[in-house]
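Structure record follows, encoded as structure tokens.
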Amino acid sequence: MEQSRHGTRVTSHVAGREEQGKLPSRVRLLTVNVYGKPRTVGWLRSDCHTDARTLVQKLVREQTGRGRPIALSEERLQVVEQALSEGRRQHYKEADETGQDSAFAGSVAELRAMVQAWTKVEWDASAVDAYYDEWRASGYDEHCKQPQRILTLRALQLTGRRTMHCALARHDSSPGGGKVHTKPELLLDLGCGSGLSSRTCSREGFFVIGVDVSTCMLALASPTSVGDGGTLDFDRIQCDISHPLPFRAEVFDRAVSISAAHYMCEATRTQTAQQRCGTLLTSIYQSLVPGGRCALQFYPGDEVAHTDLLLRSALGSNLRACLVVDQPHHTQARRWYLHCQRALKDRRATCRGPNPCRLLDHSCAACTLSFKEWAVGSTGFEPQVEKEHELWLVEEHVRQARRLMRLSGWLRKHEQAAVSPTNAQSAIGIHRRSKRVKKKGTNMSEPQRRLAAELVERFGEAATLQDLMTSSEAVIQCLHASGGHPSASAPLPVEFYH
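With my numbering, the residue at position 232 of the sequence shown is 232, and numbering never jumps.
This is the structure:
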């Protein structure tokens with residue numbers, strides 16, 4: 001049995017029955033394990049099994065978008081294609097003794113279609129529990145410690161964390177009360193998995209209750225010893241977050257979810273994606289105290305459909321909500337967050353939402369900087385983003401602005417030269433520049449052109465990176481202005497933030 005890091009396990013079975021003259025001894029049945037289920041590829045020659053395994057892993061990675069792409073030469077693909085065709089002709093009607101189906105692949109195209117069907121996993125409770133077995137759960141816990149810690153800290157920062165003491169004043173409503181309790185906040189960790197995010201929240205001073213559907217994941221979510229001799233303890237409950245949560249109303253001060261909410265955007269046999277998202281956000285609204293905040297970190301499979309679904313589900317659950325995009329690892333990788341807040345009962349929200357960041361493709365998404373500016377000025381709480389990360393985000397905004405200005409000027413000169421070439425030498429230069437344009441992939445969208453034009457008009461075409469760094473506040477103001485953003489000529493209306 002071979003185990004792969006990317007969701008496949010491969011086994012080779014020698015044919016249990018070998019009919020005289022019909023099955024050569026070098027023909028073996030190739031079976032792969034994709035997401036916990038055995039899948040039959042077909043009867044192949046033994047010398048082709050390695051390439052066939054590599055091809056299956058390549059197709060799985062292409063379909064799921066996870067893992068480094070695998071390169072397989074045309075010659076090796078042709079060998080697998082021929083082996084699949086031979087096995088299909090000889091053993092089309094053969095059935096495996098183990099009870100697996102005998103729908104063997106007869107070509108690489110058929111194998112690709114089979115892999116696409118295999119990787120379409122319905123992420124309901126039973127599928128998730130079956131997928132995260134003991135092996136995968138321990139691997140996830142080992143390899144995701146640092147990324148989960150960073151993502152959890154950012155989620156806490158976006159909710160305006162207050163370490164060790166409850167940021168929401170809990171007043172004693174009993175007769176003769178009125179005292180303010182400064183006890184640690186009660187935090188709900190949705191999809192806590194093996195407890196990586198729960199441990200981080202507990203270390204930051206919260207009392208955590210984590211929920212997850214995976215039995216093996218929860219088995220790993222045990223208390224952890226810390227350096228001062230204490231332990232990071234938290235409660236764990238097994239339940240499905242796509243169904244109503246088993247908690248009393250208005251009991252949690254905060255809620256976070258790390259790398260789990262995107263599974264709600266996929267339909268199952270019994271629930272639509274709208275029902276799953278709506279149930280999750282409604283449970284969050286009911287569980288939070290008035291004024292409580294929540295941050296859901298997720299990986300959208302479709303940056304338009306899935307982000308819109310989560311945002312509208314939150315707004316439909318009477319939560320004030322907005323999308324925030326962050327780059328926690330100081331790279332071009334983006335991390336999506338849905339920030340939600342349950343409004344105070346005695347206060348009607350009158351503020352607008354944050355201006356979308358024009359460097360993003362999404363018309364309703366704010367970056368961490370624009371979200372913080374809006375939160376401080378409109379909602380009364382301040383996201384606690386590290387100063388180092390905030391300075392890096394400012395520099396990244398200025399660098400991207402300078403890149404758009406340079407790209408706009410370069411493309412404008414290229415287009416002008418292409419209109420009226422004067423001689424053969426210029427025509428050759430145009431051809432070379434055209435190849436450079438295609439190679440770099442520097443086609444600018446219309447919103448990007450408008451933004452670049454505004455930047456050039458305000459700072460001048462000759463502005464250097466140092467000049468823009470000096471005027472970073474003005475650059476940020478231009479990038480967060482809503483006038484030129486597609487489909488967002490003004491900040492989101494009041495009714496989007498109940």
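Here a beta-carbon is modelled for each residue, glycine too, at the ideal position from N, C-alpha and C.
Which residues DSSP lists as bridging residue i, in chain order
{"i": "residue 293", "result": "254, 341"}
{"i": "residue 247", "result": "Note: residue 247 sits in no beta bridge, so no partner."}
{"i": "residue 210", "result": "189, 236"}
{"i": "residue 288", "result": "252"}
{"i": "residue 478", "result": "DSSP, once it has assigned bridges, lists no residue as partnering residue 478."}
{"i": "residue 320", "result": "341"}
{"i": "residue 60", "result": "According to DSSP, residue 60 bridges with nothing at all."}
{"i": "residue 325", "result": "336, 367"}
Rounded C-alpha distance that separates residue i from residue j
{"i": "residue 154", "j": "residue 394", "result": "17 Å"}
{"i": "residue 480", "j": "residue 320", "result": "20 Å"}
{"i": "residue 300", "j": "residue 81", "result": "35 Å"}
{"i": "residue 117", "j": "residue 378", "result": "48 Å"}
{"i": "residue 40", "j": "residue 406", "result": "54 Å"}
{"i": "residue 280", "j": "residue 271", "result": "12 Å"}
{"i": "residue 354", "j": "residue 369", "result": "10 Å"}
{"i": "residue 340", "j": "residue 322", "result": "7 Å"}
{"i": "residue 470", "j": "residue 76", "result": "56 Å"}
{"i": "residue 327", "j": "residue 184", "result": "29 Å"}
{"i": "residue 452", "j": "residue 56", "result": "44 Å"}
{"i": "residue 372", "j": "residue 62", "result": "37 Å"}
{"i": "residue 139", "j": "residue 266", "result": "24 Å"}
{"i": "residue 499", "j": "residue 334", "result": "Here the chain comprises residues numbered 1 to 498, so residue 499 is not present and cannot be evaluated."}
{"i": "residue 415", "j": "residue 359", "result": "24 Å"}
{"i": "residue 53", "j": "residue 59", "result": "10 Å"}
{"i": "residue 344", "j": "residue 409", "result": "50 Å"}
{"i": "residue 251", "j": "residue 197", "result": "20 Å"}
{"i": "residue 548", "j": "residue 294", "result": "Only positions 1 to 498 of the chain appear in this structure, which leaves residue 548 out of reach."}
{"i": "residue 399", "j": "residue 475", "result": "10 Å"}
{"i": "residue 260", "j": "residue 298", "result": "6 Å"}
{"i": "residue 38", "j": "residue 216", "result": "20 Å"}
{"i": "residue 478", "j": "residue 366", "result": "14 Å"}
{"i": "residue 114", "j": "residue 64", "result": "14 Å"}
{"i": "residue 208", "j": "residue 86", "result": "58 Å"}
{"i": "residue 262", "j": "residue 66", "result": "15 Å"}
{"i": "residue 357", "j": "residue 47", "result": "54 Å"}
{"i": "residue 346", "j": "residue 289", "result": "Its pLDDT being 46, under 50, residue 346 is placed unreliably in this model, and the coordinates cannot settle the point."}
{"i": "residue 459", "j": "residue 447", "result": "18 Å"}
Residue i - DSSP class collapsed to helix/strand/coil
{"i": "residue 238", "result": "strand"}
{"i": "residue 70", "result": "coil"}
{"i": "residue 141", "result": "helix"}
{"i": "residue 40", "result": "strand"}
{"i": "residue 298", "result": "strand"}
{"i": "residue 352", "result": "coil"}
{"i": "residue 334", "result": "coil"}
{"i": "residue 29", "result": "strand"}
{"i": "residue 406", "result": "helix"}
{"i": "residue 80", "result": "helix"}
{"i": "residue 360", "result": "coil"}
{"i": "residue 449", "result": "helix"}
{"i": "residue 154", "result": "helix"}
{"i": "residue 45", "result": "strand"}
{"i": "residue 195", "result": "coil"}
{"i": "residue 271", "result": "coil"}
{"i": "residue 279", "result": "helix"}
{"i": "residue 128", "result": "helix"}
{"i": "residue 159", "result": "coil"}
Cβ-Cβ distance between residue i and residue j below 8 Å
{"i": "residue 384", "j": "residue 205", "result": "no"}
{"i": "residue 255", "j": "residue 284", "result": "yes"}
{"i": "residue 27", "j": "residue 51", "result": "no"}
{"i": "residue 188", "j": "residue 287", "result": "yes"}
{"i": "residue 220", "j": "residue 195", "result": "yes"}
{"i": "residue 465", "j": "residue 412", "result": "no"}
{"i": "residue 277", "j": "residue 245", "result": "no"}
{"i": "residue 404", "j": "residue 468", "result": "no"}
{"i": "residue 213", "j": "residue 141", "result": "no"}
{"i": "residue 296", "j": "residue 242", "result": "no"}
{"i": "residue 268", "j": "residue 124", "result": "yes"}
{"i": "residue 111", "j": "residue 72", "result": "no"}
{"i": "residue 291", "j": "residue 342", "result": "yes"}
{"i": "residue 42", "j": "residue 105", "result": "yes"}
{"i": "residue 324", "j": "residue 151", "result": "no"}
{"i": "residue 236", "j": "residue 200", "result": "no"}
{"i": "residue 338", "j": "residue 253", "result": "no"}
Heavy atom of the ligand SAH within 7 Å of residue i beta-carbon
{"i": "residue 356", "result": "As presented, the structure is devoid of all ligands, the ligand SAH included, so that no description of it is given."}
At 3 residues or longer, what runs of the beta strand (DSSP E) sit wholly inside the region 362-387? 365-367
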